[in-house]
Amino acid sequence: MKKMTALLLSAALLCPTLALAEDTVKIGIFEPMTGATAAGGSMEKEGFDLANELYPDVLGQKIELVYGDNKSDRAEATLAAQSLVDKGVVAVLGSYGSGLSMAGGEVFAESEIPALTATATNPTVTLDCEWYARICFIDPFQGTMLARYAVKNDYKKIAIMREKDSEYAVGLVKYFQDEIATHDGFEVVELCDFMNKDEDFSALLGAVLAQSPDVIFTSVSYADKAAQIMKQARALGYEGAFFGGDTLDAPELYSIAGDAAVGSVFTTFYDAAQPATEKTSEFLDAYRAKYGKEPAAPTVMAYDAYLTMRNAIETAGTTDAEAVRDALFATDGFVGAAGTITLDENHDAVRPVVFKVVEADGSTVFKDMIEP
380 MKKMTALLLS AALLCPTLAL AEDTVKIGIF EPMTGATAAG GSMEKEGFDL
430 ANELYPDVLG QKIELVYGDN KSDRAEATLA AQSLVDKGVV AVLGSYGSGL
480 SMAGGEVFAE SEIPALTATA TNPTVTLDCE WYARICFIDP FQGTMLARYA
530 VKNDYKKIAI MREKDSEYAV GLVKYFQDEI ATHDGFEVVE LCDFMNKDED
580 FSALLGAVLA QSPDVIFTSV SYADKAAQIM KQARALGYEG AFFGGDTLDA
630 PELYSIAGDA AVGSVFTTFY DAAQPATEKT SEFLDAYRAK YGKEPAAPTV
680 MAYDAYLTMR NAIETAGTTD AEAVRDALFA TDGFVGAAGT ITLDENHDAV
730 RPVVFKVVEA DGSTVFKDMI EP
């Protein structure tokens with residue numbers, strides 16, 4: 380017996396990571412760190428990392444973030460999701476991008492690992508999936524609000540530039556069209572599809588401008604594509620308005636488009652100038668101190684996603700997957716930095732949509748907020 384005890388102690392001394400592993404709760408970070416939407420993944424990673432610094436423990440154990448790069452690709456997303464499962468994560472956060480979340484969701488559901496996305500808005504992510512939740516609004520609501528924004532501003536002739544290889548972009552347009560069709564006198568005069576890899580939009584914009592639209596709706600997977608479209612449209616003489624969904628809430632919108640983006644409007648989840656809860660200032664102070672800049676909405680949403688999952692584990696009192704999943708889905712009135720989080724019967728968040736506008740200096744300012 381003494382020999383066995385000595386051997387076990389020796390093993391622990393030689394392999395300290397074995398002892399540490401027992402005191403660690405692994406949470407997977409499922410994000411595009413490379414590829415077309417890597418900038419979106421990077422914004423969310425900032426939020427996860429900051430939250431982990433401020434709240435590093437759960438159930439008396441250290442939280443270890445385990446990263447899985449889905450490479451902005453659905454096939455790679457499946458592999459990245461499986462790699463997280465194989466590494467023994469008890470829960471997953473991410474992804475930026477609805478299509479990537481859908482691909483990973485199949486793996487997480489099969490492996491019975493609870494997952495929570497901060498910003499994936501396509502309803503299919505959680506639809507008929509008993510292991511995925513989200514803390515953001517969904518596209519039927521976002522698309523409807525964008526359509527009503529167009530009506531409110533009397534944009535009767537609407538052109539749409541749609542990134543057809545993005546599930547998010549296609550879905551958002553569908554819900555927009557469904558709502559706009561209910562308003563007499565308002566119509567989509569041109570719908571142009573492009574691929575994420577495309578760089579030259581002159582031919583498509585020629586068709587768009589031939590219809591003399593009042594506004595161009597850019598539905599894209601990330602802000603860089605909207606910025607390219609805006610810049611090229613202005614160069615071709617377009618003087619009308621632009622608007623888009625939450626993926627436009629990124630620094631690249633102005634850094635690429637410059638003055639062409641000024642006046643454009645987009646939906647998003649949060650505005651720093653409208654403190655939502657007592658945790659808003661805690662997040663903002665810590666973020667500014669760590670990164671030396673202002674946060675984008677995906678960053679604060681990722682921060683809140685971490686806190687929400689951590690709260691679910693605390694509430695469950697265990698890392699048992701089913702118990703954590705049930706506690707997560709029952710989230711009600713949890714206070715985050717971007718707002719109070721309550722999940723409905725579909726494990727989707729019930730929260731308002733924020734409208735922001737790009738100013739001449741590249742900053743984005745609050746324009747409106749609409750409750751669901």
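Each residue of the sequence shown is one higher than the one before, starting from 380 at the first, in my numbering. The beta carbon of each residue, even a glycine, is placed where N, CA and C say it ideally should be.
Here Glu569 is buried, its C-beta having at least 16 other C-beta atoms within 10 Å. Rounded to the nearest whole angstrom, the C-alpha separation of Phe622 and Asn690 is 36 angstroms. According to the DSSP secondary-structure assignment, Ile635 is paired through a beta bridge with no residue.
In the displayed model, Met574 falls within coil according to three-state DSSP, outside both helix and strand. Glu509 and Thr457 have their C-alpha atoms spaced approximately 18 angstroms apart. Its Cα nearest to that of Ile514, the residue Pro502 stands out among Met524, Thr561, Pro502 and Ser600. In the structure shown, Met412 adopts coil according to DSSP, grouped into three states.
Restricting attention to alpha helix (DSSP H) runs no shorter than 4 residues, the segment 421-471 encloses them at 453-465, ordered along the chain.
Remark: C-beta atoms of Ala605 and Leu627 approach each other more closely than 7 angstroms. Secondary structure at Tyr511: strand, using DSSP grouped into helix, strand and coil. Rounded to the nearest whole angstrom, the CA to CA distance from Ile517 to Asp740 is 30 angstroms. Non-local beta-carbon contacts of Tyr670 in its own chain, meaning distances under 7 angstroms to residues more than five positions away in sequence, involve Glu425 in chain order. Shown here for Tyr534: same chain residues with a beta carbon closer than 6 angstroms to its own, the five before and five after excluded, namely Asp593 and Val594 in chain order. If you check the CB distance, Ala655 and Ala717 come in under 7 angstroms. In this structure Thr561 is exposed. Its beta-carbon is surrounded by fewer than 16 other beta-carbon atoms within 10 angstroms. In the three-state reduction of the DSSP assignment, Phe555 falls in the helix class, which pools H, G and I.
Listed in chain order, the non-local C-beta contacts of Ala417 below 8 angstroms within the same chain comprise Pro411 and Ser451, local neighbours out to five positions each way being set aside. Secondary structure at Leu583: helix, using DSSP grouped into helix, strand and coil. Burial state of Ala470 is buried, judged by a 10 Å Cβ sphere holding 16 or more other Cβ atoms. When C-alpha distances from Val464 are compared across Ser474, Gly447 and Leu722, the shortest belongs to Gly447. Glu566 sits in a strand when the DSSP states are folded into three classes. Excluding sequence positions up to five before and after Leu479, its CB lies within less than 6 angstroms of the CB of Asn449 and Ala456, all in the same chain and listed in chain order. Check the Cα spacing between Ile635 and each of Pro519, Tyr601, Glu618 and Val468: the tightest is with Tyr601.
Rounded to the nearest whole angstrom, the C-alpha separation of Pro677 and Val587 is 31 angstroms. Listed in chain order, the non-local C-beta contacts of Ile749 below 7 angstroms within the same chain comprise Met524, Pro731 and Val732, local neighbours out to five positions each way being set aside.
In the three-state scheme derived from DSSP, where H, G and I count as helix and E and B as strand, Phe648 is classed as coil. When C-alpha distances from Thr687 are compared across Gly715, Lys672 and Ala665, the shortest belongs to Gly715. Just so you know, the alpha carbons of Pro751 and Thr646 end up roughly 14 angstroms apart. Contact check for Ile608 and Val404: beta-carbon distance about 43 angstroms, past the 8 angstroms limit, so the pair fails to qualify. Taking the Cα of Phe648 as reference, the smallest distance to any Cα among Leu429, Ala488, Val445 and Gln521 is reached at Gln521.
Ala652 is a Cβ neighbour of Phe745, given a cutoff of 7 angstroms.
Leaving aside the five residues that flank Ala526 on each side, the residues in its chain whose CB is nearer than 6 angstroms to its CB run, in chain order, Phe555, Glu558 and Ile559. Inside the segment 470-535, DSSP marks whole alpha helix (DSSP H) runs of 4 or more residues at positions 477-490 and 518-531, from first to last along the chain. Per DSSP, reduced to three states, the secondary structure at Asp747 is strand. Tyr511 and Gly550 have their alpha carbons spaced roughly 19 angstroms apart. As a beta-bridge residue in DSSP terms, Leu722 pairs with Ala728.
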